[in-house]
Amino acid sequence: MAEHPRPTTRIRRFSAYKSVLLVVAMLSANLSVPSMQAQTVATAALSVDWQVYTTLERKAALKPDVTNPAFDTDAKGWGLPSGFAYAPNGGRNGTGGLRYERTDSTLYPLSKSVVQLLPNTRYRFGAWIKSENVKGDESGASICLEFVTNEKWVGGAYAHGIKGTRDWTLIETIGTTPAEPVQATLTLYMRRGMTGTAWFDDVFIESEAATWSVYPIIPRRSVLSPGNGAITLGSYVVGKLGDGVSWADPEKLICRLQLREGEDVVRDLTAPVRNGRISADLGPLQTGDYMIYATLADPEHQWLLAEKQLALSVATPPDATSVPANACRIDAKGRALVNGKPFLPVGLYFGSIQPKDLARLKDTAFNCVMPYGSLHLKFKDSEKKGIPAVREVLDACHAQDIKILYSIKDVFPTIKNHPKSWQGETELDRIVTKVVESFRDHPALLAWYTCDELPAREADMLIARNRLVNRLDPHHPTWSVFYQFQDLSLYRDGFDILGVDPYPISNDKSQSMEKVRVSMDASERAIGSAQGIPLWVVPQIFNWGVYKARDDLAKFKANYRYPTEVEMRSMSLYMALRGARGFVFYSYFDLSRPPDKGQFEWRWPEVCRMAKVVSDLGPFLLSDATAPSVAVTVEEGNVEAKAFKDDQGKVRVLVAGMGPDTSRAELTIPGHEDLRSQFGGCTPLGGDRYRFEGVNICSDILISE
Numbered sequence: 000m001a002e003h004p005r006p007t008t009r010i011r012r013f014s015a016y017k018s019v020l021l022v023v024a025m026l027s028a029n030l031s032v033p034s035m036q037a038q039t040v041a042t043a044a045l046s047v048d049w050q051v052y053t054t055l056e057r058k059a060a061l062k063p064d065v066t067n068p069a070f071d072t073d074a075k076g077w078g079l080p081s082g083f084a085y086a087p088n089g090g091r092n093g094t095g096g097l098r099y100e101r102t103d104s105t106l107y108p109l110s111k112s113v114v115q116l117l118p119n120t121r122y123r124f125g126a127w128i129k130s131e132n133v134k135g136d137e138s139g140a141s142i143c144l145e146f147v148t149n150e151k152w153v154g155g156a157y158a159h160g161i162k163g164t165r166d167w168t169l170i171e172t173i174g175t176t177p178a179e180p181v182q183a184t185l186t187l188y189m190r191r192g193m194t195g196t197a198w199f200d201d202v203f204i205e206s207e208a209a210t211w212s213v214y215p216i217i218p219r220r221s222v223l224s225p226g227n228g229a230i231t232l233g234s235y236v237v238g239k240l241g242d243g244v245s246w247a248d249p250e251k252l253i254c255r256l257q258l259r260e261g262e263d264v265v266r267d268l269t270a271p272v273r274n275g276r277i278s279a280d281l282g283p284l285q286t287g288d289y290m291i292y293a294t295l296a297d298p299e300h301q302w303l304l305a306e307k308q309l310a311l312s313v314a315t316p317p318d319a320t321s322v323p324a325n326a327c328r329i330d331a332k333g334r335a336l337v338n339g340k341p342f343l344p345v346g347l348y349f350g351s352i353q354p355k356d357l358a359r360l361k362d363t364a365f366n367c368v369m370p371y372g373s374l375h376l377k378f379k380d381s382e383k384k385g386i387p388a389v390r391e392v393l394d395a396c397h398a399q400d401i402k403i404l405y406s407i408k409d410v411f412p413t414i415k416n417h418p419k420s421w422q423g424e425t426e427l428d429r430i431v432t433k434v435v436e437s438f439r440d441h442p443a444l445l446a447w448y449t450c451d452e453l454p455a456r457e458a459d460m461l462i463a464r465n466r467l468v469n470r471l472d473p474h475h476p477t478w479s480v481f482y483q484f485q486d487l488s489l490y491r492d493g494f495d496i497l498g499v500d501p502y503p504i505s506n507d508k509s510q511s512m513e514k515v516r517v518s519m520d521a522s523e524r525a526i527g528s529a530q531g532i533p534l535w536v537v538p539q540i541f542n543w544g545v546y547k548a549r550d551d552l553a554k555f556k557a558n559y560r561y562p563t564e565v566e567m568r569s570m571s572l573y574m575a576l577r578g579a580r581g582f583v584f585y586s587y588f589d590l591s592r593p594p595d596k597g598q599f600e601w602r603w604p605e606v607c608r609m610a611k612v613v614s615d616l617g618p619f620l621l622s623d624a625t626a627p628s629v630a631v632t633v634e635e636g637n638v639e640a641k642a643f644k645d646d647q648g649k650v651r652v653l654v655a656g657m658g659p660d661t662s663r664a665e666l667t668i669p670g671h672e673d674l675r676s677q678f679g680g681c682t683p684l685g686g687d688r689y690r691f692e693g694v695n696i697c698s699d700i701l702i703s704e
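Residue numbering for the sequence shown follows numbering that gives the first Met the number 0, beginning at 0 and increasing consecutively.
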């Protein structure tokens with residue numbers, strides 16, 4: 000991975016995007032604002048005299064201590080596993096440096112040094128690196144910053160390295176620390192599967208200016224109807240500003256919202272920031288394009304903290320008869336509506352799609368697939384080519400009621416092996432345009448898969464791509480997936496549906512789904528799930544050994560393991576109770592990959608059983624009915640639970656234990672004394688009380704008859 004863009008030092012202003020189907024570009028700039036015109040603003044809740052507010056001056060960058068960053072006399076403070084050594088004259092300008100040589104591509108040693116960092120803060124870090132004959136498919140010699148809690152990986156940032164033979168090159172990127180305190184390590188290394196020699200020198204890390212991300216939640220795609228001026232914005236701050244400012248307490252912050260049409264201020268409101276949300280009613284508005292000038296402020300210190308501009312359109316909603324029959328609409332509660340009815344995606348990542356694959360999906364709970372090879376779908380025995388070949392595959396999916404998450408995620412200039420042409424088009428936006436225009440009318444289409452883990456430095460490209468796809472096809476959402484959990488707010492206007500892909504199961508030591516919790520916490524902080532932002536998650540069903548052991552069966556069996564049926568189910572149930580409303584499992588094709596070629600026969604039934612458990616929850620997860628409350632008294636470990644009720648009044652209570660070791664909790668569900676445990680993890684205690692108990696990654700469902 001590579002660095003985020005360096006934030007600018009001025010406030011950027013953008014004109015409104017002239018389209019009824021506008022999607023706003025979220026801006027992330029340094030937290031500073033120009034002086035504001037004196038004015039007192041009154042709302043039903045707040046009255047603020049802006050004349051007394053002053054702009055908060057930016058703090059200087061913090062430079063955490065790095066142990067022995069220049070290697071002048073030795074390599075103390077850095078691990079020296081096999082292949083690493085201190086080089087007295089191996090640094091820049093003939094000074095000391097760290098040298099690493101690898102001749103065996105199966106080895107993967109890391110040189111690490113612990114560094115003390117603040118939570119919820121962005122850091123720029125890097126090193127000078129030189130390479131000699133570094134070969135392999137990955138990005139070469141590099142540096143990364145990783146975060147660990149209780150010996151479990153919870154995030155990191157990875158710079159794009161160098162390969163071949165190159166002179167000293169500055170390699171740097173930006174990473175965001177988790178909201179909770181963690182152990183952070185800087186790591187110098189060469190990517191897996193590569194050989195060659197690399198030298199490292201002058202390691203550094205320093206804090207970046209704090210950033211404020213503000214983005215529209217309601218209305219969807221920033222288009223209001225003339226008679227409804229209700230808006231909800233998401234608000235998220237990364238970093239620390241000034242003594243006494245508590246970013247963790249949103250109750251202390253307020254936001255001024257000026258709505259402008261050209262140079263005219265047509266609304267001027269002040270709203271509190273509550274739980275990362277800013278809500279206001281702009282009242283009835285004329286159709287047209289507007290700009291919201293949002294200013295974040297601290298009333299305790301009377302500081303102006305940040306200013307952003309968001310585009311807003313007001314347009315008459317399209318007539319229902321103009322919405323195509325194949326549309327997928329996202330409603331105000333974040334649910335997918337297909338044919339006007341709530342739809343719970345339960346799918347799989349595919350490579351290509353062949354008739355044998357569709358035959359396997361028949362009579363399973365899976366209702367959608369995401370084929371990486373979407374641009375070139377073709378049945379092997381078909382004589383059709385190009386667009387007709389793709390449509391033939393889509394036709395077969397539709398005949399089997401399988402929806403398609405159509406992938407255009409590779410059509411970016413920074414993607415290795417991005418398409419150089421497609422059906423006569425060579426310019427990338429033109430390729431996307433032709434793809435969308437060719438398949439947007441197909442009844443199998445569910446959504447456009449626009450991003451697969453792009454680094455945050457490329458967020459602007461994703462935002463522009465999202466605008467293009469939304470304009471070309473307003474009737475199908477875009478879905479983007481990220482592992483960069485701490486940076487999710489930076490991507491916000493690059494998608495209609497968020498996806499996260501935590502994969503915690505690697506070996507016998509993997510007995511916790513802490514990484515899943517981290518991903519859901521980050522999703523909630525960045526965009527939330529309670530007010531209409533859909534979250535389609537990517538749970539793990541694959542064995543990490545298919546990537547890390549390659550064709551070495553002995554290494555595969557010794558060092559890696561499959562996620563169990565209980566673990567796959569538990570991760571999915573936990574994501575569901577945290578707000579996920581779509582589940583696309585990674586991956587179908589890995590179930591048939593070497594070195595364990597026989598795994599499919601016994602793992603496929605497990606995956607299908609687990610998927611049915613998730614699918615059966617659809618009427619509950621997508622219901623409008625008010626569910627009972629659940630009081631959780633944790634006795635041991637970490638347990639979470641939530642109840643759901645379907646339209647017929649039946650109840651499902653999802654319970655999940657994080658692991659590792661024992662999870663135990665007492666659940667109280669008022670008015671529900673006769674719930675039954677589906678998987679045996681809960682026992683009745685009498686009345687409306689139940690005890691859940693499990694070991695490591697575990698779960699249960701309490702059901703009413």
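Where is the CB? At the ideal position from N, CA and C, for every residue including glycine.
- By the Cβ rule, the segment 352-372 does not count as touching the segment 413-431, because fewer than three pairs are nearer than 8 Å.
- A straight-line Cα-Cα distance of about 17 Å links K554 and D589.
- Taking a contact as a CB-CB distance under 8 Å, the pair K402 and A443 counts as one, their CB atoms being some 6 Å apart.
- The Cβ atoms of L467 and S479 do not sit closer than 8 Å to each other.
- Every alpha helix (DSSP H) stretch that sits fully inside the segment 457-538 and reaches 4 residues is listed by chain position as 458-471 and 513-525.
- Rounded to the nearest whole angstrom, the C-alpha separation of P218 and V153 is 33 Å.
- Scanning the segment 167-254 for uninterrupted beta strand (DSSP E) segments of 3 residues or longer gives 182-189, 194-206, 210-217 and 229-237, listed from N- to C-terminal end.
- Sequence-distant partners of S206 (beyond 5 residues in either direction) whose C-beta falls short of 6 Å from its own C-beta, in its chain, are A60, L61, T120 and Y122.
- Under the three-pair Cβ rule at 8 Å, the segment 344-355 does not count as touching the segment 561-568.
- If you draw a straight line from the Cα of V613 to the Cα of W447, it comes to about 23 Å.
- For D428, the uninterrupted alpha helix (DSSP H) run begins and ends at L427 to F438, by DSSP.
- Going by DSSP, W543 is part of no beta strand (DSSP E) at all; its letter is neither H nor E.
- Spatial neighbours of T682 in its own chain (CB-CB distance under 6 Å, excluding positions within 5 residues in sequence) are listed in chain order as R690.
- No Cβ-Cβ contact shorter than 8 Å links K644 with S628.
- The DSSP-derived three-state label of W77 is coil.
- Below 8 Å, too few C-beta pairs join the segment 181-196 and the segment 471-486 to call them touching: fewer than three.
- A Cβ-Cβ contact shorter than 8 Å links A458 with Y490.
- Counting other Cβ atoms within 10 Å of its Cβ, K556 stays below 16 and is therefore classed as exposed.
- In the structure shown, Y585 adopts extended strand secondary structure according to DSSP, grouped into three states.
- Taking a cut-off of 8 Å for Cβ pairs, the segment 133-149 and the segment 635-644 do not touch, as fewer than three such pairs fall below it.
- By the CB criterion at 8 Å, S110 and L144 fall outside the cutoff.
- As for any beta strand (DSSP E) of minimum length 3 sitting wholly inside the segment 104-172, the runs are 110-114, 121-134, 140-148 and 151-157, ordered along the chain.
- Residues A642, F643 and K644 of the same chain have their beta carbon placed closer than 6 Å to that of A626, with the five preceding and five following residues left out of the count.
- From the listed residues A69, F83 and L117, the smallest Cα separation to P63 is found for L117.
- Using a Cβ distance threshold of 8 Å, Y573 and A655 count as a contacting pair.
- Assigned with DSSP and collapsed to three states, T315 falls in coil, not helix or strand.
- Following the DSSP letters along the chain, one finds L360 inside the alpha helix (DSSP H) bounded by residues P354 to L360.
- The shortest CA-to-CA distance from A525 to any of Q598, F494, N542 and T72 is the one to F494.
- Going by DSSP, A296 is part of the beta strand (DSSP E) stretching over G287 to D297.
- Listed in chain order, the non-local C-beta contacts of L281 below 7 Å within the same chain comprise G228, I230, L258 and R266, local neighbours out to five positions each way being set aside.
- Going by DSSP, D615 is part of the alpha helix (DSSP H) stretching over Q598 to D615.
- Between the alpha carbons of Q399 and V389 lies a gap of roughly 16 Å.
- For the 8 Å CB-CB criterion, S141 and G160 form a contact.
- Taking 8 Å as the upper bound for CB-CB distance, R91 and W167 are in contact here, some 5 Å apart.
- The count of Cβ pairs closer than 8 Å, one atom from the segment 303-315 and one from the segment 266-280, stays below three, leaving the stretches out of contact.
- Taking C-beta separations shorter than 8 Å and ignoring five residues to either side along the sequence, the partners of G238 in its chain run L30, N119, T120, R121, S206, E207, A208, A209, T210 and W246, following chain order.
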